[in-house]
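**Q** Before anything else, here's the structure in question.
In our numbering, the protein residues as written are 5 to 338.
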């Protein structure tokens, strides 16, 4: 307990609010037909959930990253907490409640093509209740990272962040857009979203129809979101095609634009969680004081390394090229 109190007293780099998931990942050479059996020679149980993986990534890269979530005492919750601790995540403010069960997911990951099919079972009574003990931590953090889960708590946290100068980051995952998250998106300082999220958000803003197909390029989507929101950094990710950014950190009043290519690796094994790792590495670099362009390069590098093994948190800091990371030791707390 003493060690955890000392950890809480350290300078907080970032706070993440999100739902943790316990993933069971199966590598398959093909997706099964209905009413059939498919063999998997490689399976792994690991932590999942966008914010949890991002905080674990940042922690592995040396940050003091705090996760706010609500978990129970069931097996999945215990495994999640053990994984968070092994990654170095500050779990001192997690809610642990009797009767709560964690969310679990079964993921089939195709060995060829990198596609995934996910079946998930949401946990019971997992909505985070806001507590006054969170105020000081959010107010003192450099960054607050959100994804729209635990919406009420996120709204409370974002109000504190705006009063305190804590920068707000939003992760807009593919197929995760819904109108209720707009108050978070509109207040984000760092807005990095999947191409599909950007397309759906744009369609909804035009005519309220989220099924409308948009044909804008990722570069144009990033520019449109930058112009339409108050975010100082906007990114649109597009998988193997890389990501497109616009940043206000430029003498040009329209901001600086750039494309960050995806790093190539010898063999892609599993892309589960690579987007979440990208977010965590980007925020770790920003917390380190890097400029947005350098942060995007760092994030792309870590995400690529993560794809060479199975799991949403597969990379090891020893695998990273410090010339691409931008700081002397990826495993040293900064």
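Ideal Cβ positions, reconstructed from N, Cα and C, are used throughout, including at glycine.
1) Going by beta-carbon coordinates alone, are residue 142 and residue 121 separated by less than 8 Å?
2) With distances taken between CB atoms, is the gap from residue 58 to residue 20 smaller than 8 Å?
3) Among 242, 224, 83 and 249, whose alpha-carbon lies nearest the alpha-carbon of residue 236?
4) Please report how far the alpha carbon of residue 107 lies from the alpha carbon of residue 82, in whole angstroms.
5) Put residue 309 into one of helix, strand or coil per three-state DSSP.
6) Using DSSP with H/G/I as helix, E/B as strand and the rest coil, what is residue 140?
7) If we ignore side chains and look at the alpha-carbon of each, how far apart do residue 87 and residue 187 end up?
8) Just tell me which of 193, 262 and 179 has its CA closest to the CA of residue 165.
9) State the Cα-Cα distance for the pair residue 292 and residue 255, rounded to the nearest angstrom.
10) Jot down the residue ranges of each uninterrupted beta strand (DSSP E) in the stretch 164–243, minimum 3 residues, whole runs only, in chain order.
11) Taking the alpha carbon of residue 29 as the point to measure from, which residue in 207, 321, 126 and 52 has its own alpha carbon closest?
12) Using 8 Å for Cβ pairs, my map puts residue 240 next to residue 202. What's the rounded Cβ distance?
13) Could you have a look at residue 49 and say whether DSSP puts it in helix, strand or coil?
14) Please list the segments of the alpha helix (DSSP H) lying wholly inside the stretch 86–153, counting only runs of 4 or more residues, in order along the chain.
15) Would you please state the rounded distance, in angstroms, between the beta carbons of residue 281 and residue 307? I believe it to be under 8 Å.
16) Do you know offhand how far residue 247's Cα is from residue 263's?
17) Consult DSSP for residue 15 and reduce its assignment to one of helix, strand or coil.
18) Take residue 252 and list the residues in its own chain whose beta-carbon comes closer than 6 Å to its own, dropping the five residues that flank it on each side.
19) As a quick exercise: from 219, 233 and 199, pick the residue whose alpha carbon is nearest that of residue 244.
20) According to the neighbour-count rule (16 or more other Cβ atoms, all chains shown, within 10 Å of its Cβ), is residue 35 buried or exposed?
21) Which residues in the same chain as residue 328 place their Cβ atom closer than 7 Å to its Cβ, once the five residues preceding and following it in sequence are excluded?
22) Quick one: grab the DSSP three-state call for residue 294.
23) Can you tell me whether residue 230 is buried or exposed, with buried defined as 16 or more other CB within 10 angstroms of its CB?
24) Quick one: give me the first and last residue of the beta strand (DSSP E) that residue 31 is part of.
**A** A quick look at the data gives this:
1) no
2) yes
3) 249
4) 12 Å
5) helix
6) helix
7) 32 Å
8) 193
9) 22 Å
10) 171–176, 194–198 and 237–241
11) 52
12) 5 Å
13) strand
14) 138–144
15) 5 Å
16) 6 Å
17) coil
18) 236 and 259
19) 199
20) exposed
21) 301, 302 and 305
22) coil
23) buried
24) 25–32
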